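Structure record follows, encoded as structure tokens.
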Amino acid sequence: MSSLDIDKEKCVNCGACTAVCNEDALCMEKEDWTLSFNESVCTHCNACVKACPLRVISLKYTA
Ligand code: SF4
Ligand code: SF4
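Numbered by this note's numbering, the letters in the sequence shown go through residues 34 to 96 in order.
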């Protein structure tokens with residue numbers, strides 16, 4: 034099992050992660066341009082982790 038951890042305090046809402054997510058698991062809220070994450074459709078492909086320029090996304094592996 035794995036889950037995605039996003040440090041929203043450090044996120045600058047640049048959209049780099051949403052651009053590479055093929056599952057629409059990450060998207061920008063149109064109202065306030067904050068990042069939203071829908072874990073139920075995330076495939077843990079790691080693309081957003083690599084795309085984030087600030088490295089605020091990480092994949093956590095749980096037992
Ligand atoms: S790990 Fe992959 S599927 Fe999940 S949010 Fe990131 S880019 Fe999207
Ligand atoms: S790529 Fe990183 S800094 Fe940019 S919106 Fe995504 S989590 Fe935030």
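Built from N, CA and C at the ideal position, the CB exists for glycine as well.
No experiment lies behind these values; they were computed from the predicted model shown.
For the options Y94, C75, C85, K43, the alpha carbon positioned closest to that of D57 is the one of C75. Judged by beta-carbon spacing, S73 lies beyond the 8 Å limit of E62, meaning their Cβ atoms are not closer than that value. The DSSP-derived three-state label of C60 is strand.
Scanning the stretch 67-92 for uninterrupted alpha helix (DSSP H) segments of 4 residues or longer gives 80-84, listed from N- to C-terminal end. At least one heavy atom of ligand 2 lies less than 7 Å from the C-beta of L68.
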